[in-house]
Amino acid sequence: MAEEDPQEKVDRERIFKRFDTNDDGKISASELGDALKTLGCVQSDEVKFMMAEIDTDGDGYISYQEYIAFALANRGLMKDIAKDIFSYMFSSIYLFHSLLCVFMRLIS
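Here our numbering runs 952 ahead of the position in the sequence shown, where the first position is 1.
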């Protein structure tokens, strides 16, 4: 078996934390939907389908173990998601900075 890329592991952990917004160690359908909708890439029925595929024990949550199993089986997809999250975070920071600059000009 090939050695694991350390960056892939970091990306997987970062993605899980981004989706697990209440930090309870599992991803609910609501958290999954909210995170994917923020990235602009999913509809409600797709969230249900994804939950059914990834939540292998059927408890209504994606555990970290279920997430890792899915991520390892779908490495290309996870790389794309990691890029999308980085792009979204960068654009959000840029937007915030731009708004802050405008605000500072207004009060000057």
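A virtual CB, placed ideally from N, CA and C, is assigned to each residue, including glycine.
None of these values were measured; they are calculated from a predicted model.
- Item | DSSP bridge partner residues for S1015 (one or two, in chain order) | What you label residue 1015 is simply residue 63 of the sequence shown in a count that begins at 1. Partner(s): K978.
- Since I believe S980 is in contact with Y1019 (beta carbons under 8 Å), could you give me their beta-carbon distance rounded to a whole number of angstroms? In the sequence shown, counting from the first residue as 1, residue 1019 sits at position 67. In the sequence shown, counting from the first residue as 1, residue 980 sits at position 28. Distance from Y1019 to S980 at the Cβ level is roughly 12 Å; contact not present, criterion being Cβ atoms closer than 8 Å.
- Determine the closest residue to L988 out of S1015, M1003 and D975, with distance taken between C-alpha atoms. Along the sequence shown, read from residue 1 onward, the residue named residue 988 stands at position 36. Looking at the Cα atoms, M1003 is the closest of the given residues.
- Message: Assuming contact is defined by CB atoms lying nearer than 7 Å, are V999 and G977 in contact in what I supplied?
- Response: Against the sequence shown, residue 999 aligns to sequence position 47. Against the sequence shown, residue 977 aligns to sequence position 25. No, Cβ-Cβ distance for V999 and G977 is not below 7 Å.
- Item | Own chain, CB closer than 7 Å to D1007, minus 5 neighbours either side, in chain order | Your numbering for residue 1007 matches position 55 in the sequence shown. Same-chain partners within the cutoff: Y1013, I1014 and E1018.
- Query: Three-state secondary structure (DSSP) at G1028?
  - Reply: Counting from one through the sequence shown, the residue named residue 1028 turns up at place 76. Helix, per DSSP.
- Drop a sphere of 10 angstroms on the beta-carbon of D972, count the other beta-carbons inside from all chains shown, and report buried for 16 or more, exposed for fewer. The sequence position of residue 972 within the sequence shown is 20, counting from 1. So D972 counts as buried.
- Item | Which listed residue (D1011, R964 and T990) has its alpha carbon closest to that of A1025 | Numbered from its first residue, the sequence shown carries residue 1025 at position 73. Nearest C-alpha to A1025 among D1011, R964 and T990: R964.
- Message: Which residue marks the beginning of the alpha helix (DSSP H) containing D997, and which one marks its end?
- Response: Reading the sequence shown from its first residue, position 45 is the one you call residue 997. Taken as a continuous stretch (DSSP letters only), the alpha helix (DSSP H) holding D997 covers S996 to I1006.
- Expected contact under 8 Å - CB spacing of E960 and R1027 to nearest Å: The count along the sequence shown starts at 1 and reaches residue 960 at position 8. The count along the sequence shown starts at 1 and reaches residue 1027 at position 75. With 8 Å as the limit, E960 and R1027 qualify as a contact, their Cβ atoms being about 7 Å apart.
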